[in-house]
Amino acid sequence: MTTMVFVNFPVSDLKRSTAFYEKLGFTQNKEFSTDEAVSMVWDDHFWIMLLNHEFYSRFIKDKTIADTQTTSSSLIAFSMESADAVKKFAETAKVNGGGFYKVDMGIPEDQMFGLEVEDPDGNILEPNWMAM
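Residue numbers for the sequence shown, in the UniProt record's numbering: 1 to 132.
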């Protein structure tokens, strides 16, 4: 059996977040989407689940949802086919309500390239490319 990864993000506006992730190249899986959660598919193995705050709260017991505009809860890294694809992904995020920045890891860009990409709620994705 192949492993699939489902990342769950709390979002403040499902429609805005769905549109944002569609612009990045994710596809909505309507079969696994409701008024409380939207399933966004990157490929057969990597999905992002956008959950409204009320629904997300059911999964975290007595914890509080992090304000990802001021607090980091996680960094979700995934590979892309080229450094140019990483740059395009980040630029697309920026023009659609997100943002991005680069962290200097001291690794030459012809060996590894990545950017920190924030969605409108402050959740951070790390698209990256590595020469392999």
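Where a beta carbon is used, it is the ideal one built from N, C-alpha and C, also for glycine. These numbers come from a predicted model, not from an experiment.
Interface flag, residue i vs chain D, CB-CB below 8 Å
i           : result
residue 127 : Judged by its chain identifiers, the structure shown contains no chain D, having just a single protein chain.
Residue i classed as buried or exposed, judged by whether at least 16 other C-beta atoms fall within 10 angstroms
i           : result
residue 121 : buried
residue 132 : exposed
residue 127 : buried
Residue from the options with nearest C-alpha to residue i
i           : options             : result
residue 115 : 78, 96 and 59       : 78
residue 118 : 11, 3 and 107       : 11
residue 82  : 57, 125, 98 and 111 : 111
Contact under 8 Å by Cβ, residue i with residue j
i          : j          : result
residue 39 : residue 52 : no
residue 75 : residue 50 : no
residue 92 : residue 45 : no
residue 31 : residue 55 : no
Quick check: the region 55-73 against the region 18-30, are there 3 or more CB pairs under 8 Å?
no
Could you give the uninterrupted runs of the beta strand (DSSP E) lying entirely in the UniProt domain "VOC" (3-130), keeping only those of 3 residues or more?
Annotation: the UniProt domain "VOC" (3-130) contains the following complete segments of the beta strand (DSSP E) (minimum length 3 residues), in chain order: 5-11, 27-29, 37-43, 46-52, 75-79, 99-101, 112-114, 116-118 and 124-130.
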